[in-house]
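Residue numbers (my numbering), protein chains in the order written: chain A, 1 to 406; chain B, 407 to 812. Below is one structure, written out as structure tokens; comments come after it.
Below is the structure:
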């Protein structure tokens, strides 16, 4: 069950200088693609953003440590086991994984970054992972995106990818990325992994800022269930092979790149929501004319997390009273109830502190019957707008999470 | 579906000076008891606590207004319609209700307090309500508690009541109360109504403080779904008919009364959780040795609201990794992962930053198989303890809220 047509592109444009190889290690399910190795060319810039969960997993800690010590040249991802909540042993297993990649590929251990996703709290079967590395290395190819998109999935039901090109100063620049994530999804970041590569040349400091900005309007604005995982990571690699240099001194090229990156990251983030656990609706919550970003985001996320709003969305029930009740409890100081408006799509449902006089149940029902629903709250007290994306709460969400040990 | 044996007492002790009368107005469902009138003797103290939702319903606003103007002598409750999100018309309907009670009972309008619970955003059928008032008045009796307990319910599946007596200085003091609530339950307050009466004599200022303190360890510590309603109200009435005066100058009597009030309020609050929408588990979340009340409460409520923890509870799955992940995202500053411990019942599941070395799946499973589950988080960084109570998240929760227009 996923919302809307599949969005995985028919053509994932290769990024010169970035190769991917996928193998089966049988970490959780025999035969499943569950190990992905990625090779990055020399001189590339590599930056990442990571979960803010205090219990961040051993591979996340090791990733940060290695990034601070050396230029990253290999990324190694496994699914089926998050290597989280595993204490000192988990750290050693992550180190052993990096050492094995370094030996196999003749590089330094610190130039290898590890990523794990799957069950929390069980020992990583590191021998199985290591045994699969040679096959992953053999498979390395700039055309390896599709297999890799499959190899990083857990409870996902769909491949998630996006690939964009733009031409600037006669040079074609490519941005291609994949992501995974379906449940335990909340900003900072989601339970997700994301890998985006470009052949633009971007200095590491600038690339880091671009990644942070793009994350803040994509992965940090989605929520399925409000639960933040221990393993979220998103990496951005710039190989420089296109010959185009992105820098702030050339604003036109900079903005073209930034826009393309935002589109890729938002597409990957939206793909996670469309494939949210049990999702039957793709819901956009937009809070407009707020007095601060903080109140706009809190209101939007409170709506997006409300079990009563989410079950009403599942039922296609235009139960606007539940949305109104959430806005009322969102802690907005000195809220003027008579000034705000709430819309379902284009239909005004609340104004003057109550049901809008022009509202009809039929009009509300027509919006709710759709698969893609927009909830707009216009506070009329400032100039800040924030948008988040979420799912409904269905029987399948309960089934998936009552059955799956994640 | 409710958790554990029913807790409604076989004997609801009458409180002299406090009468209850119940009738059927057919507000939402023909024949259902849906109107409760309560009469309070002269010289009683009457205090209340109310929802902090900014969209508080018309009856809540009118209640506060009337309480500030006159001694309350009548409480009028209807179910089936919350008269919330109804704007100016809703206010007029609440006023009309109070006027009708005042006329019928020969009192001032300001001495009548209105309460409504049920569907949000639909016009209150005030004529039906008023037409049922004479029958409710005829039924007024100090023995009217059982009918009233039934008359205030909405999606509840059980009557909720508690009645305690204690003897002090040769005088028998009674505290008897009823509550309703099942979904849209979160502190500040829950979607709930509560009415507690005692025949002790308590000055209004002290009674208000006692109610606030008791609410803060009962109704403000329960959550089903994190949604706060527009109509929550809890009233405490002290008629003085027992002849015992409760005052802080007599600490022994004061503490005896305070303890009895706390027991009654906690029992009524726990009854709401046991009857939580779709509940199959009664879950106590205790956060110990926190550095502040704020971090203790936030951690406890984050656990209690986590859909992943709640679905694991529904599945009786000792998925401790999900609890650990919530503690990690609860925003505790400078959290020492190695110092904290997490317990399921008496079983230590997390220590030293990972699964406790003595933990076995069988031990965890034995705890989760029970209907009553204790989750204890010992932060080891201060001396604050907070406890909240919640439910699991089941298929029935989704069914109830996808089907019911509340």
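In this text, a Cβ means the ideal position worked out from N, Cα and C, and glycines have one as well. Fair warning: this is a prediction, and the values are worked out from it, not measured in the lab.
Span of the beta strand (DSSP E) around residue i
| i | result |
| --- | --- |
| residue 180 of chain A | 171-180 |
| residue 146 of chain A | Unbroken run through residue 146 of chain A is the alpha helix (DSSP H), 145-151; no beta strand (DSSP E). |
| residue 426 of chain B | 424-429 |
| residue 163 of chain A | 161-168 |
| residue 519 of chain B | 518-525 |
| residue 41 of chain A | That residue, residue 41 of chain A, is in no beta strand (DSSP E); it is neither H nor E in DSSP. |
| residue 197 of chain A | 193-198 |
Per-residue contacts from residue i into chain A (C-beta, under 9 angstroms)
| i | result |
| --- | --- |
| residue 652 of chain B | The contacting residues do not exist; residue 652 of chain B stays about 34 angstroms from chain A at best. |
| residue 526 of chain B | 319, 320, 321, 322, 324, 325 |
| residue 486 of chain B | The contacting residues do not exist; residue 486 of chain B stays about 14 angstroms from chain A at best. |
| residue 738 of chain B | 54 |
Boundaries of the alpha helix (DSSP H) in which residue i is found, first to last residue
| i | result |
| --- | --- |
| residue 98 of chain A | 87-105 |
| residue 770 of chain B | 767-774 |
| residue 418 of chain B | From DSSP, residue 418 of chain B is part of no alpha helix (DSSP H); its letter is neither H nor E. |
| residue 3 of chain A | Neither: residue 3 of chain A is in no alpha helix (DSSP H) and is coded neither H nor E. |
| residue 215 of chain A | 204-216 |
| residue 75 of chain A | Here residue 75 of chain A belongs to no alpha helix (DSSP H); instead the beta strand (DSSP E) covers 74-81. |
| residue 544 of chain B | 532-544 |
| residue 727 of chain B | 726-735 |
| residue 263 of chain A | 251-274 |
Contact set between residue i and chain A, taken where Cβ atoms lie within less than 8 angstroms
| i | result |
| --- | --- |
| residue 809 of chain B | 315 |
| residue 761 of chain B | 85, 86, 87, 121 |
Residue of the options minimising C-alpha distance to residue i
| i | options | result |
| --- | --- | --- |
| residue 98 of chain A | A:86, A:133, A:295, A:80 | A:133 |
| residue 643 of chain B | B:629, B:627, B:612 | B:612 |
| residue 695 of chain B | B:438, B:570, B:747 | B:747 |
| residue 144 of chain A | A:107, A:38, A:344, A:277 | A:38 |
| residue 391 of chain A | A:382, A:287, A:224 | A:224 |
| residue 582 of chain B | B:681, B:788, B:414 | B:414 |
| residue 607 of chain B | B:560, B:664, B:598 | B:664 |
| residue 384 of chain A | A:142, A:296, A:199 | A:296 |
| residue 462 of chain B | B:485, B:490, B:435, B:482 | B:490 |
| residue 181 of chain A | A:203, A:118, A:211 | A:118 |
| residue 357 of chain A | B:464, B:494, B:431 | B:494 |
| residue 63 of chain A | A:86, A:235, A:166 | A:235 |
| residue 111 of chain A | A:164, A:329, A:95 | A:95 |
| residue 333 of chain A | A:3, A:292, A:93 | A:292 |
| residue 511 of chain B | B:618, B:446, B:601 | B:446 |
| residue 684 of chain B | B:555, B:412, B:715, B:800 | B:800 |
| residue 546 of chain B | B:692, B:615, B:624, B:427 | B:427 |
| residue 247 of chain A | A:125, A:204, A:275 | A:204 |
| residue 239 of chain A | A:196, A:355, A:156 | A:196 |
| residue 12 of chain A | A:91, A:250, A:48, A:174 | A:174 |
| residue 343 of chain A | A:179, A:61, A:90, A:324 | A:324 |
| residue 637 of chain B | B:537, B:454, B:412 | B:454 |
| residue 317 of chain A | A:337, A:281, A:336 | A:281 |
| residue 817 of chain B | B:621, B:651, B:436 | Outside the modelled stretch of chain B, which goes from 407 to 812, sits residue 817 of chain B, for which no answer is possible. |
| residue 556 of chain B | B:533, B:429, B:651 | B:429 |
| residue 126 of chain A | A:162, A:35, A:155, A:399 | A:35 |
| residue 668 of chain B | B:717, B:615, B:689, B:554 | B:615 |
| residue 155 of chain A | A:100, A:86, A:220, A:29 | A:29 |
| residue 460 of chain B | A:192, A:121, A:326, A:2 | A:326 |
Under 7 angstroms by beta carbon: chain A residues contacting residue i
| i | result |
| --- | --- |
| residue 717 of chain B | 398, 401, 402 |
Contact with chain C by residue i, beta-carbon distance below 8 angstroms
| i | result |
| --- | --- |
| residue 668 of chain B | The chain labelled as chain C is not found among the protein chains of the depicted structure, namely A and B. |
Legend entry - Under 8 angstroms (Cβ pairs) to chain B, residues found in the segment 48-68 of chain A: Against chain B - using a Cβ distance shorter than 8 angstroms - the residues of the segment 48-68 of chain A are 52, 53, 54, 55, 56.
Legend entry - Cβ contact (3+ pairs, closer than 8 angstroms) linking the segment 466-483 of chain B and the segment 668-684 of chain B: The segment 466-483 of chain B, when compared against the segment 668-684 of chain B, does not touch it at the 8 angstroms Cβ threshold.
Inset, instruction - Say whether the segment 771-791 of chain B touches the segment 701-721 of chain B, bearing in mind that this needs 3 or more beta-carbon pairs closer than 8 angstroms, one atom from each stretch. - result: Because the criterion of three Cβ pairs below 8 angstroms is met, the segment 771-791 of chain B and the segment 701-721 of chain B touch.
Inset, instruction - Would you list, in chain order, the members of the segment 492-505 of chain B that have their beta-carbon closer than 9 angstroms to a beta-carbon of chain A? - result: In summary, the residues of the segment 492-505 of chain B whose CB is separated from some CB of chain A by less than 9 angstroms are 492, 493, 494, 495, 496, in the order they occur in the chain.
Inset, instruction - For the segment 241-273 of chain A, enumerate the residues whose C-beta is nearer than 8 angstroms to any C-beta of chain B, in chain order. - result: Going along the segment 241-273 of chain A in chain order, one finds no residue with a Cβ nearer than 8 angstroms to chain B.
Inset, instruction - Could you name the residues of the segment 333-353 of chain A whose beta carbon sits closer than 8 angstroms to any beta carbon of chain B, in the order they occur along the chain? - result: When CB distances to chain B are screened at a threshold of 8 angstroms, the residues of the segment 333-353 of chain A falling below it are 335, 337, 350, 352, 353, in chain order.
Inset, instruction - Spell out a yes or no on whether the segment 420-429 of chain B and the segment 441-458 of chain B are touching, meaning 3 or more CB-CB pairs, one atom from each, closer than 8 angstroms. - result: At 8 angstroms Cβ cutoff, the stretches touch.
Inset, instruction - Determine contact between the segment 482-489 of chain B and the segment 347-356 of chain A, defined as no fewer than three beta-carbon pairs at a distance below 8 angstroms. - result: Fewer than three pairs of CB atoms, one per stretch, sit closer than 8 angstroms, so the segment 482-489 of chain B makes no contact with the segment 347-356 of chain A.
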